[in-house]
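Contents: one structure, followed by commentary.
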Amino acid sequence: MDVSILAQIDDENVALIIQLLQEDSERMVSAALGKGKQLEGTQTDTQMAFDLFTEELQNVEAFFADRRMTRSIQNAIQLDGDALLRSQNEEKVAEYDHNLSVSLSHGEGEPMVLEDTLQPLTHDDELIEKMAYIYVNGIEDIESDDDTVAAGQPESSGWAASRQVNRSRQKRSCEACGERKHFAELSRAPCQHEYCRQCLSRLFRDAIIDESLFPPRCCKQPIPLDRSLLFLDANVVRQFRQKAVELSTPNRTYCHNANCAAFIPPANCSDTTAVCGECHRRTCTTCKGASHGGDCPNDVQLQRVLQLAREQGWQRCQNCWGMVELNTGCNHMTCRCGFQFCYICGAQWKTCRCDHWEERRLYERAAQIDARGQVGEEREAVPLGPHLGTPEEQQGEVEEQQEEDDQGERQSEPQDPDEDDQWQAESQELDEEEWRLEQQAPDPEEQLREFAEQQEHDRQERIRMIVQDLRVNHECSHERWASRSGPQECEECHDVMPVFIYECRRCHIIACRRCRYHRL
Numbered sequence: 043m044d045v046s047i048l049a050q051i052d053d054e055n056v057a058l059i060i061q062l063l064q065e066d067s068e069r070m071v072s073a074a075l076g077k078g079k080q081l082e083g084t085q086t087d088t089q090m091a092f093d094l095f096t097e098e099l100q101n102v103e104a105f106f107a108d109r110r111m112t113r114s115i116q117n118a119i120q121l122d123g124d125a126l127l128r129s130q131n132e133e134k135v136a137e138y139d140h141n142l143s144v145s146l147s148h149g150e151g152e153p154m155v156l157e158d159t160l161q162p163l164t165h166d167d168e169l170i171e172k173m174a175y176i177y178v179n180g181i182e183d184i185e186s187d188d189d190t191v192a193a194g195q196p197e198s199s200g201w202a203a204s205r206q207v208n209r210s211r212q213k214r215s216c217e218a219c220g221e222r223k224h225f226a227e228l229s230r231a232p233c234q235h236e237y238c239r240q241c242l243s244r245l246f247r248d249a250i251i252d253e254s255l256f257p258p259r260c261c262k263q264p265i266p267l268d269r270s271l272l273f274l275d276a277n278v279v280r281q282f283r284q285k286a287v288e289l290s291t292p293n294r295t296y297c298h299n300a301n302c303a304a305f306i307p308p309a310n311c312s313d314t315t316a317v318c319g320e321c322h323r324r325t326c327t328t329c330k331g332a333s334h335g336g337d338c339p340n341d342v343q344l345q346r347v348l349q350l351a352r353e354q355g356w357q358r359c360q361n362c363w364g365m366v367e368l369n370t371g372c373n374h375m376t377c378r379c380g381f382q383f384c385y386i387c388g389a390q391w392k393t394c395r396c397d398h399w400e401e402r403r404l405y406e407r408a409a410q411i412d413a414r415g416q417v418g419e420e421r422e423a424v425p426l427g428p429h430l431g432t433p434e435e436q437q438g439e440v441e442e443q444q445e446e447d448d449q450g451e452r453q454s455e456p457q458d459p460d461e462d463d464q465w466q467a468e469s470q471e472l473d474e475e476e477w478r479l480e481q482q483a484p485d486p487e488e489q490l491r492e493f494a495e496q497q498e499h500d501r502q503e504r505i506r507m508i509v510q511d512l513r514v515n516h517e518c519s520h521e522r523w524a525s526r527s528g529p530q531e532c533e534e535c536h537d538v539m540p541v542f543i544y545e546c547r548r549c550h551i552i553a554c555r556r557c558r559y560h561r562l
């Protein structure tokens with residue numbers, strides 16, 4: 043039986059339809075049993091079919107009874123929600139006053155602040171409406187109501203236009219994939235960006251795998267799990283809650299057994315010993331090796347890693363003890379666990395007096411930013427003089443000019459001695475003029491050298507300005523972005539974006555869309 047068809051009918055008519063179908067079924071079953079042609083204790087195909095039909099009618103009746111109950115709860119929340127919250131807060135105020143009087147009579151301090159226990163008097167109407175679409179009305183039912191006209195009756199153009207407006211208001215775009223979906227299928231983050239079920243689930247799954255994406259966030263604001271439960275699979279929620287305990291624990295302890303290496307929650311740790319819940323082996327919480335008595339022995343492998351870190355100038359996070367390497371940028375480090383520290387001394391950020399920048403890294407970063415503007419731009423052609431070309435072109439022009447001169451000499455050989463003297467004088471004047479022009483013409487090699495020097499001077503000037511800008515704006519909140527076209531590599535996840543990428547207008551960091559919204 044198609045429940046979606048009955049869902050478009052009011053509850054009274056649905057109850058009447060189900061009652062009539064049940065009466066017809068009982069009457070037909072009685073008629074079939076009255077013939078009595080089958081063996082006692084056996085059931086015919088007809089009787090089995092009617093039993094299944096009766097069971098389906100009972101399920102449909104239970105479905106609509108549950109829907110009536112959920113609608114009643116929905117109406118109660120919408121109409122009486124504020125009154126119930128106000129009544130609950132009044133009870134908490136009375137309880138607080140009683141506890142305060144008791145504390146003061148015994149000379150004790152003031153109890154918990156009242157504002158921390160009171161519930162806000164406003165509820166999320168949109169969330170309630172989404173729950174109504176998902177659990178009460180059904181998204182498919184609402185869409186079918188918008189797309190059909192009851193009983194084929196004609197409708198006015200104004201009513202048709204209003205249906206189109208209502209339908210467009212119900213459709214919104216997912217911030218990640220860009221697809222337009224029913225608003226009840228979209229979860230709204232605290233920054234007001236909306237994500238569909240698939241993209242939100244992928245964001246939480248990525249946070250389970252990649253610690254730099256934990257907690258799931260958009261525009262630097264964490265996305266609370268309790269407001270996303272409607273849109274997440276139960277398995278994803280269970281895995282995320284388990285992983286959240288691990289990622290929220292500082293100085294974590296993992297099972298020393300290499301074949302297990304499971305995280306040991308703080309509840310299984312006592313003093314310096316942690317018991318693995320998987321293989322039940324004991325691990326020392328200090329050296330992270332097998333449990334032992336007395337002081338921790340030296341871990342040879344760990345000492346080798348620490349020695350390599352000292353040689354390479356690496357630093358360790360004081361919160362999770364992870365190893366961090368700085369390639370470019372300032373000494374302000376943010377570990378994947380979220381702890382911020384100084385790369386020089388390892389202390390928590392802004393608790394030391396170390397320099398914010400190392401000059402070599404600062405210059406390298408500025409040169410890297412300047413090189414972005416040169417990639418893909420057309421280089422300006424080097425001028426070689428008003429009448430000079432490349433050396434090959436100049437050699438060809440000389441040979442052509444020599445042939446023209448030889449032909450001119452043969453055609454204009456003088457017959458008279460006086461004309462011969464005049465011709466020699468004019469030829470000498472032409473030679474002197476050409477010599478003067480050659481002396482005045484610029485040298486191509488000299489022009490190339492001057493052009494290269496000017497280019498390098500301009501480059502150093504640009505780098506100097508970028509260095510000054512980075513000194514001021516290295517602690518950036520990444521609020522203003524610009525898009526850059528072409529294939530570009532993200533400086534956070536190192537994925538190559540084939541079409542475009544984002545660049546922070548202040549600190550010039552390049553990030554993909556996912557890192558811009560969920561990592562930085």
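The sequence shown: position 313 = 355 (the numbering used here), numbered continuously.
The beta carbon of each residue, even a glycine, is placed where N, CA and C say it ideally should be.
Presumed contact (8 Å Cβ cut-off) between residue i and residue j, rounded CB distance
i	j	result
residue 388	residue 352	Not really, about 12 Å apart at Cβ, beyond 8 Å.
residue 530	residue 552	6 Å
residue 363	residue 293	7 Å
residue 315	residue 324	5 Å
residue 298	residue 319	14 Å between Cβ atoms; not a contact.
residue 241	residue 219	5 Å
Close Cβ partners of residue i (< 7 Å) along its chain, the five nearest in sequence each way excluded
i	result
residue 250	281, 282 and 285
residue 391	374, 382, 383 and 384
residue 239	227 and 273
residue 212	224 and 225
Alpha-carbon spacing of residue i relative to residue j, whole angstroms
i	j	result
residue 264	residue 245	12 Å
residue 395	residue 547	28 Å
residue 349	residue 259	36 Å
residue 368	residue 253	18 Å
residue 397	residue 334	42 Å
residue 222	residue 237	10 Å
residue 380	residue 231	20 Å
residue 494	residue 217	47 Å
residue 125	residue 138	20 Å
residue 96	residue 84	19 Å
residue 277	residue 288	17 Å
residue 117	residue 268	22 Å
residue 538	residue 486	41 Å
residue 415	residue 523	16 Å
residue 55	residue 109	15 Å
residue 303	residue 135	50 Å
residue 511	residue 404	11 Å
residue 377	residue 488	52 Å
residue 111	residue 243	30 Å
residue 128	residue 521	39 Å
residue 412	residue 470	55 Å
residue 53	residue 101	15 Å
residue 67	residue 132	55 Å
residue 147	residue 130	26 Å
residue 321	residue 347	27 Å
residue 503	residue 326	56 Å
Cβ-Cβ distance between residue i and residue j below 7 Å
i	j	result
residue 370	residue 402	no
residue 306	residue 295	yes
residue 64	residue 99	yes
residue 557	residue 518	no
residue 103	residue 60	yes
residue 543	residue 526	yes
residue 71	residue 105	no
residue 372	residue 499	no
residue 229	residue 270	yes
Sequence-distant residues of its chain with Cβ nearer than 8 Å to residue i (five each side left out)
i	result
residue 255	245, 248, 249, 560 and 561
residue 410	370
Proximal residues to residue i (C-beta, below 6 Å), its chain only, five neighbours per side dropped
i	result
residue 355	none
residue 344	none
residue 262	none
Check: residue i C-beta below 6 Å from any heavy atom of the ligand ZN
i	result
residue 326	Looking at this structure, you won't find the ligand ZN or any other ligand, since it has none at all.
What are the start and end residues of each continuous beta strand (DSSP E) run of 3 or more residues lying completely inside the stretch 329-389, in chain order? Here the runs fully enclosed are 374-376 and 382-384.
Please give the ranges of any alpha helix (DSSP H) in the stretch 275-328, keeping only runs that are unbroken, at least 4 residues long and fully inside the region. Within the stretch 275-328, complete alpha helix (DSSP H) segments of at least 4 residues are found at 276-289, given in chain order.
In chain order, what are the residue ranges of uninterrupted alpha helix (DSSP H) at least 4 long that sit wholly in the stretch 496-551? Along the length of the stretch 496-551, whole alpha helix (DSSP H) runs at least 4 residues long do not occur.
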